[in-house]
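So for the sequence shown, the working numbering puts the first residue at 5; every next one is plus one. Notes for the one structure printed next.
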Amino acid sequence: MPAFTATAPGKVILFGEHAVVYGQPAIAVPVFQVRARAVVTPELRAPPGSVHLQAPDIALDAWLSELPAQHPLVLPVHLVLNHLGISQPPPLRLRIVSSIPVASGLGSGAAVAIASMRALANFLGNSLADEQVSQMAFEVEKLHHGTPSGIDNTVIAFGRPVYFQRLAQGPHIETFRAAAPFNLVIADTGIPSPTSSTVGDVRRAWQADPQHFEDLFRQVGELVGEARQHIANGHLQPLGDLMDRNHALLQAIGVSSPELDDLVLAAREAGALGAKLSGGGRGGNLIALVTPETASAVEKALIANGSHQTILTTVK
Ligand code: PMV
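Dropping the structure here:
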């Protein structure tokens, strides 16, 4: 029985979360150690147009027609069928599994959507360009949190480090390679934190004091510009310093937490060149910039200080 499989990586935001929602640039990188995987196979003995969805991670096993169109696993199917102009696909089964922790800033929602859309398009004899799949995943991201910047779907669809800015005329996207590969430890606080709630809180705080928050967002944007130069020149120590500064700005924006702050300090004390929360904040993940020599000490310190899991990844 032919099976069409597609995978999509997780991601972390290196610099610029939250400010990116307000038009400032940000930098994100794919994380290939965690992945969403979608497999599409023919569904035998079902009438044409039948789509059987299976997502064992969330105990979902249902026919597409039984679920609301705005369900985050259903919308990707409709988007692909509309895009390909297919109203009645051959009966099929779409099975989705993911090793990306949910609600932790690693892009699980976008990765699941992108893997599903690619596997489905392949099954239907098509392939989706990075830009196309990114745009469609952006529609799905809107279900997860109302005003996404678009950085998650972009970095995951392109599978490359990306410099991203949301502009009125559409997103500005530059993929890049690091001049010198560098290592990150990603550490999970174990505290789920839906992005929609931190993004909503920041919006309310910005509405209450727009000048102050726009100033903070502008400072984040400047720092992202500096970080980009250091990545292009392969300068690691200044990049670490910028992570520390970005974390301080995220504290000022109000999205850190005592757990994140403790872990960030523990990483720095164990030899990280810099550390910051990554993604929506309050819980989820933090990232620490490490060298091959300090990686293991930093991972140990993070676990000793309460991190549930660490991932060592190389940005290239
Ligand atoms: O999905 P997360 O938790 O990595 O958060 C995305 C980053 C934000 O800037 C907070 C929101 C957005 O849409 O860019």
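Note that beta-carbon positions come from the ideal geometry of N, C-alpha and C, so glycine has one too. On a predicted model such as this, the values are computed, not experimentally measured, just so you know.
query, result
"Residue environment, W67, which counts as buried when at least 16 other CB atoms sit within 10 Å", "exposed"
"Residue burial classification, K15 (beta-carbon count within 10 angstroms, cutoff 16)", "buried"
"Boundaries (first-last residue) of the beta strand (DSSP E) holding V189", "186 to 192"
"Sub-9 Å separation of Q223 and L243 beta-carbons", "no"
"Cα-Cα separation, V84 to S120", "9 Å"
"Three-state secondary structure (DSSP) of G229", "helix"
"A114 beta carbon less than 9 Å from that of I160", "yes"
"beta-carbon H149 near the ligand PMV non-hydrogen atom, thresh 8 Å", "yes"
"For V116, the nearest candidate out of M247, V78, H312 (CA to CA)", "V78"
"Top-ranked residue by Cα proximity to D178, from A12, L306, V33, F8", "Here the sequence assigns Glu to residue 178, which means Asp is not the residue at that position. Comparing Cα-Cα distances from E178 to each of A12, L306, V33, F8, the minimum goes to V33."
"Residues near E273 in its chain [Cβ-Cβ closer than 8 Å; skip 5 each side]", "A305"
"For R286, the three-state DSSP class (helix, strand or coil)", "coil"
"Cβ-Cβ separation, H22 to V259 (assumed contact under 8 Å), whole Å", "6 Å"
"Near the ligand PMV: P165 beta-carbon under 8 Å from a heavy atom", "no"
"Three-pair Cβ contact test at 8 Å for the segment 260 to 271 versus the segment 164 to 178", "no"
"Spatial neighbours of N126 in its chain, beta-carbon cut-off 6 Å, leaving aside the 5 residues before and after", "F8"
"Three-state secondary structure assigned by DSSP to D65", "strand"
"Where S102 falls: helix, strand or coil (DSSP)", "strand"
"Proximity test, P152 beta-carbon vs the ligand PMV heavy atom, cut-off 8 Å", "yes"
"Span of the beta strand (DSSP E), counted from its first residue to its last, around H56", "55 to 59"
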